[in-house]
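Visitor: The listed protein sequences correspond, in order, to chains H and F.
According to our numbering, the first sequence is numbered sequentially starting from 14.
According to our numbering, the second sequence is numbered sequentially starting from 417.
Here it is, the structure, as structure tokens.
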Amino acid sequence: MKLRGTVHKYGANVDTDVIIPSPYLTLTDPGELATHCMQGIDSEFAQKVEKGDIIVAGTNFGCGSSREHAPIAIKAAGISCVIAKSFARIFFRNAINIGLPLLECAQAAEEIESGDILEVELASGEIRDITKDKLFKAEPYPNFMLELISAGGLIEHTKRKLEARKDEI
Amino acid sequence: MGKTLAEKILSENSGVDAQAGDIVIAKVDLAFLQNGTGPLALRQLPASGLDRVANPERVIFFLDHAAPSPSRELSNDHLILRDFATRSGAQLCDIGEGICHQLIVESYANPGEVIVGADSHTVTAGALGAFATGMGSTDVAIAIALGKTWLRVPESFRVVVSGSFEKGVYAKDLMLHLIGSIGADGATYRSLEFCGETVEKMSMSERFTLANMAVEAGAKAGLFPSDETTHRYLESRGRGDKFRAVGPDPDANYEQIIEINVAGLEPTVSMPHSVDKIALAKELKGERIQQVFIGTCTNGRLYDFAVAAAILKVKRRYPATRLIIAPASREVLIQAMAFGYIQTFLEVGAVLLPPGCGACVGVHQGVLGDGERCLSTANRNFRGRMGNPEAFIYLGSPATAAATAIAGEIIDPREML
Chain H
14 MKLRGTVHKY GANVDTDVII PSPYLTLTDP GELATHCMQG IDSEFAQKVE KGDIIVAGTN
74 FGCGSSREHA PIAIKAAGIS CVIAKSFARI FFRNAINIGL PLLECAQAAE EIESGDILEV
134 ELASGEIRDI TKDKLFKAEP YPNFMLELIS AGGLIEHTKR KLEARKDEI
Chain F
417 MGKTLAEKIL SENSGVDAQA GDIVIAKVDL AFLQNGTGPL ALRQLPASGL DRVANPERVI
477 FFLDHAAPSP SRELSNDHLI LRDFATRSGA QLCDIGEGIC HQLIVESYAN PGEVIVGADS
537 HTVTAGALGA FATGMGSTDV AIAIALGKTW LRVPESFRVV VSGSFEKGVY AKDLMLHLIG
597 SIGADGATYR SLEFCGETVE KMSMSERFTL ANMAVEAGAK AGLFPSDETT HRYLESRGRG
657 DKFRAVGPDP DANYEQIIEI NVAGLEPTVS MPHSVDKIAL AKELKGERIQ QVFIGTCTNG
717 RLYDFAVAAA ILKVKRRYPA TRLIIAPASR EVLIQAMAFG YIQTFLEVGA VLLPPGCGAC
777 VGVHQGVLGD GERCLSTANR NFRGRMGNPE AFIYLGSPAT AAATAIAGEI IDPREML
């Protein structure tokens with residue numbers, strides 16, 4: 014599957030308190046969460062984001078609280094994937110579990126700028142910056158996680174396993 | 417090749433000979449959700465047929481993040497957890513009992529266990545020699561349903577601590593110093609394993625503070641070998657029979673060894689808006705503070721209150737600086753009353769909150785105003801953390817917090833000792 018969108022770029026240590034501030038944690042509708050997405054760091058984000066757009070950030074994206082509202086808000090805002098130098102581990106698991114693709118690529122995160130148009134091929138990890146005519150390569154996912162992603166997240170994956178009577182994760 | 421503490425516990429709980437980098441399916445000994453993150457997952461479970469509980473005795477739901485509830489929406493979130501606990505037979509810790517991480521160490525966690533919680537500070541129980549880690553609520557809900565979870569066995573950093581703390585310097589200062597040196601992502605995906613003569617002499621309360629903040633360096637766990645101090649703590653909690661000696665092999669493989677001598681450490685403060693942005697308290701002298709918050713899973717225990725009360729006693733709080741106190745658990749509150757600490761706090765004009773997360777979560781009980789500065793004993797000072805992105809949060813030890821409440825500005829607590 015090829016993703017295509019415009020880049021919104023942020024720095025290092027984008028934490029889950031700025032992605033979705035705690036007063037909104039009682040919201041459960043993804044669309045409503047999306048209207049407050051990135052509010053703590055970029056108050057215009059919800060207005061300017063378009064379906065398919067891509068977030069590019071520095072190291073430790075998603076650090077802090079374990080709230081799953083963070084990747085849900087990003088996904089529901091229309092973001093097709095997040096590219097960062099590195100991700101905080103709880104955010105990484107949460108994103109995979111709810112079906113928001115993440116790519117780790119330091120060089121891409123360094124060189125890509127806000128407003129660039131990207132094309133991303135998830136299976137190969139290829140990131141093409143159309144604006145700059147540059148190609149970057151992210152690490153592909155380990156098989157175990159590809160299985161989770163292709164099932165559509167952890168709940169679906171577990172259901173399938175249970176239906177197959179394996180009672181495993 | 418010998419094993420690190422993380423490799424040991426995860427090998428034992430998965431039944432395979434696991435090394436760093438392996439993905440294992442581990443038996444989960446204890447799993448918990450709290451009212452901030454839990455309801456989101458619990459709402460989707462019934463539709464998927466996964467709303468079951470493998471081991472109700474060892475599954476706990478906590479109402480601590482906004483307790484008692486300040487709004488109808490949050491009250492409805494509380495209802496979801498109460499209802500699910502009633503239907504499934506899982507344990508419920510209702511409002512006023514305290515913060516999940518404090519109650520987990522007081523009443524549930526044991527050495528050698530695998531513990532998952534839907535809260536990033538689940539790492540606190542690593543101080544008891546348990547592999548405790550935070551996850552999202554969907555991950556924890558599946559662990560609750562099946563009694564197991566998948567984990568990548570982390571690489572480990574060995575943190576060797578030596579020397580004696582100077583008067584007025586505490587474990588909190590050490591942890592802020594460590595996070596400041598390795599960075600907020602310095603230990604991402606890693607386990608921090610603490611050891612050394614200083615750690616061996618440290619009380620459980622101070623060990624909890626260190627383990628609690630491991631996640632602020634990105635770590636998956638903050639582990640301590642269990643020893644005589646662990647044993648005595650468990651005995652005092654009526655769980656002496658659950659003690660087991662767990663520790664790394666002498667020839668374990670560490671990705672990095674970090675050595676810290678605490679002898680030269682000084683009271684340290686994290687500045688807005690990142691935990692790794694540290695300065696010495698004395699360098700920030702003159703920085704006006706409108707609110708001081710003493711509490712949280714990092715520093716809301718009896719020992720922390722003893723340190724703060726000793727400084728506040730027979731002193732006057734700076735009138736324009738509010739002081740808010742939140743005990744980490746009901747038991748901490750009861751003991752702090754017996755020792756007279758609460759009396760001291762109230763006499764200097766503090767506001768006492770019920771046991772729980774209090775002002776740290778930013779939804780009630782101490783939300784900051786625009787442009788205000790708070791010095792908190794919490795673990796996190798991100799923009800907007802205390803409910804207002806236009807406010808500024810500094811982190812420090814209970815001693816630094818108490819001294820700041822007297823001075824009305826950030827101050828090195830040694831000036832008050």
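Note that the Cβ used here is the ideal one computed from N, Cα and C, for glycine as well.
(1) Quick one: what's F/Ile674 bridged to in DSSP?
(2) By the 10 Å Cβ neighbour count, where 16 or more other Cβ atoms means buried, how is H/Asp42 classified, buried or exposed?
(3) Quick check on the burial criterion: 16 or more other C-beta atoms within 10 angstroms. Buried or exposed for H/Phe157?
(4) Is the region 115 to 135 of chain H in contact with the region 66 to 86 of chain H, if contact means three or more CB pairs nearer than 8 Å?
(5) Provide the residue(s) that pair with F/Gly452 in DSSP beta bridges, ordered along the chain.
(6) Buried or exposed: where does H/Asp146 fall if 16 or more other Cβ atoms within 10 Å of its Cβ makes it buried?
(7) Answer yes or no: does any C-beta atom of chain H fall closer than 9 Å to that of F/Ala548?
(8) Using a Cβ-Cβ cutoff of 7 Å, what residues of the region 521 to 538 of chain F are near chain H? List them in chain order.
(9) Against H/Ser163, what residues of chain F qualify as contacts under a CB-to-CB distance less than 9 Å, listed in chain order?
(10) Please return the same chain residues whose Cβ sits closer than 8 Å to the Cβ of F/Gln706, not counting the five positions on each side in sequence.
(11) Does DSSP put H/Phe100 in a helix, a strand or coil?
(12) Please report the distance separating the alpha-carbon of F/Leu562 from that of F/Phe640.
(13) Would you say H/Glu123 reaches chain F, if we count a Cβ-Cβ gap shorter than 9 Å as a contact?
(14) Beta carbon of F/Arg623, beta carbon of F/Asn526: below 9 Å?
(15) With H/Ser99 and H/Glu117 assumed to form a contact (beta carbons below 8 Å), what rounded beta-carbon distance in angstroms separates them?
(16) Measure the C-alpha to C-alpha separation of F/Arg749 and F/Gly756 and round it to an integer number of angstroms.
(17) Quick one, which residues of the region 800 to 813 of chain F are near chain H if we go by CB-CB under 7 Å, in chain order?
(18) What does the alpha-carbon distance come out to for the pair H/Ala198 and F/Glu831?
(19) For the region 770 to 782 of chain F and the region 696 to 714 of chain F, state whether three or more C-beta atom pairs, one from each stretch, are separated by less than 8 Å.
(20) Comparing alpha-carbon positions, which option in F/Leu479, F/Gly514, F/Val575, F/Ile515 lies nearest F/Leu637?
(21) Does the beta carbon of H/Val95 come closer than 9 Å to any beta carbon on chain F?
(22) Report, in whole angstroms, the separation of the C-beta atoms of F/Glu529 and F/Glu747, which I expect to be a contact under 8 Å.
(23) Taking buried to mean at least 16 other C-beta atoms within 10 Å of its own C-beta, is F/Lys419 buried or exposed?
(24) Alpha carbon to alpha carbon, how far is F/Gly772 from F/Val678?
(25) Please list the partners that H/Lys172 has in chain F, where partner means a Cβ-to-Cβ separation under 8 Å.
(26) Which residues in chain H sit within 9 Å of F/Glu825, going by Cβ to Cβ distance?
(27) Nearest by alpha-carbon distance to F/Glu825: which of F/Gly800, F/Leu728, F/Pro814, F/Lys701 is it?
(28) So if DSSP puts F/Ile598 in a beta bridge, which residue, or which two residues, is it bridged to?
(29) Could you name the residues of the region 665 to 693 of chain F whose beta carbon sits closer than 7 Å to any beta carbon of chain H, in the order they occur along the chain?
(30) With distance defined between alpha-carbon atoms, name the residue in H/Arg80, H/Ile96, H/Val133, H/Asp129 nearest to F/Gly552.
(31) Can you tell me which of the three DSSP states F/Ser464 falls into?
(32) On a CA-only basis, which of F/Leu590, F/Leu497, F/Ala436 is nearest F/Ile694? Give me that one, please.
Guide: Taking the structure as given:
(1) What you label residue 674 of chain F is simply residue 258 of the second sequence in a count that begins at 1. Beta bridge pairing from DSSP links F/Ile674 with F/Val575.
(2) Here the question's residue 42 of chain H lines up with position 29 in the first sequence. In this structure H/Asp42 is exposed. Its beta-carbon is surrounded by fewer than 16 other beta-carbon atoms within 10 angstroms.
(3) As a first step, residue 157 of chain H is located in the first sequence; it is residue number 144 there, counting from the start. Result: exposed.
(4) Counting Cβ pairs under 8 Å, three or more are found: they touch.
(5) The residue given as residue 452 of chain F occupies position 36 in the second sequence. DSSP lists no bridge partner for F/Gly452.
(6) Position 133 of the first sequence, counting from 1, holds the residue named residue 146 of chain H. Exposure of H/Asp146 is indicated by the presence of fewer than 16 other C-beta atoms within 10 angstroms of its C-beta.
(7) On the second sequence, position 132 is the one that residue 548 of chain F refers to. At a cut-off of 9 Å between C-beta atoms, F/Ala548 does not count as an interface residue with respect to chain H.
(8) Correct list: Ala534, Asp535, Ser536.
(9) Reading the first sequence from its first residue, position 150 is the one you call residue 163 of chain H. By Cβ distance, chain F contributes nothing, its closest Cβ being about 16 Å from H/Ser163, past 9 Å.
(10) Within the second sequence, residue 706 of chain F is the residue found at index 290, counting from 1. The answer, listed in chain order, is Ala736, Thr737, Arg738, Leu784, Gly785, Glu788, Arg789, Cys790.
(11) Locating residue 100 of chain H in the first sequence gives position 87, where the first residue counts as 1. Of the three classes helix, strand and coil, the one that applies to H/Phe100 here is strand, per DSSP.
(12) Locating residue 562 of chain F in the second sequence gives position 146, where the first residue counts as 1. Locating residue 640 of chain F in the second sequence gives position 224, where the first residue counts as 1. Computed Cα separation, rounded: 28 Å.
(13) Here residue 123 of chain H refers to the residue found at position 110 of the first sequence. Not one chain F Cβ lies under 9 Å of H/Glu123.
(14) Residue mapping note: residue 623 of chain F aligns to position 207 of the second sequence, counting from 1. Residue mapping note: residue 526 of chain F aligns to position 110 of the second sequence, counting from 1. Cβ distance not < 9 Å, so F/Arg623 and F/Asn526 don't count as in contact.
(15) Start at 1 with the first residue of the first sequence, and residue 99 of chain H comes out as number 86. Start at 1 with the first residue of the first sequence, and residue 117 of chain H comes out as number 104. The distance from the Cβ of H/Ser99 to that of H/Glu117 is about 6 Å, consistent with a contact at the 8 Å cut-off.
(16) Position 333 of the second sequence, counted from the first residue, corresponds to residue 749 of chain F. Position 340 of the second sequence, counted from the first residue, corresponds to residue 756 of chain F. In the sequence as presented, Arg is not what sits at residue 749 of chain F; that position holds Leu. In this structure, the alpha-carbon of F/Leu749 lies about 10 Å from that of F/Gly756.
(17) Hits within the stretch, in order: Gly800, Arg801, Gly803, Pro805.
(18) This structure gives no information on residue 198 of chain H, because the portion of chain H shown stretches from 14 to 182.
(19) Segments in contact, yes.
(20) Indexing the second sequence from 1 puts residue 637 of chain F at position 221. According to the sequence as given, residue 637 of chain F is Ala; it is not Leu. It is F/Val575 whose Cα lies nearest to the Cα of F/Ala637.
(21) Mapped onto the first sequence, residue 95 of chain H falls at position 82. Chain F, which has no Cβ nearer than 9 Å to the Cβ of H/Val95, makes this no.
(22) Locating residue 529 of chain F in the second sequence gives position 113, counting from the first residue. Locating residue 747 of chain F in the second sequence gives position 331, counting from the first residue. About 21 Å; that fails the 8 Å criterion.
(23) For the purposes of this step, residue 419 of chain F is taken as residue 3 along the second sequence, with counting starting at 1. F/Lys419 sits buried, since 16 or more C-beta atoms from the chains shown fall within 10 Å of its C-beta.
(24) Residue numbering aside, residue 772 of chain F sits at position 356 when the second sequence is read from its first letter. Residue numbering aside, residue 678 of chain F sits at position 262 when the second sequence is read from its first letter. So the two alpha carbons sit approximately 31 Å from each other.
(25) Position 159 of the first sequence, counting from 1, holds the residue named residue 172 of chain H. Simply Ser464, Gly465, Leu466.
(26) To locate residue 825 of chain F, count along the second sequence from 1; it is residue 409. Result: empty, since nearest Cβ-Cβ is about 26 Å, beyond 9 Å.
(27) The residue you call residue 825 of chain F lines up with position 409 of the second sequence. Looking at the Cα atoms, F/Lys701 is the closest of the given residues.
(28) For the purposes of this step, residue 598 of chain F is taken as the residue at position 182 of the second sequence. F/Ile598 is not bridged to any residue.
(29) Going along the region 665 to 693 of chain F in chain order, one finds Ser690 with a Cβ nearer than 7 Å to chain H.
(30) Counted from its first residue, the second sequence places residue 552 of chain F at position 136. Of the candidates H/Arg80, H/Ile96, H/Val133, H/Asp129, the one whose C-alpha sits nearest the C-alpha of F/Gly552 is H/Arg80.
(31) Counted from its first residue, the second sequence places residue 464 of chain F at position 48. Three-state DSSP puts F/Ser464 in a helix.
(32) If you number the second sequence from 1, residue 694 of chain F lands on position 278. Closest by C-alpha distance to F/Ile694, out of F/Leu590, F/Leu497, F/Ala436, is F/Leu590.
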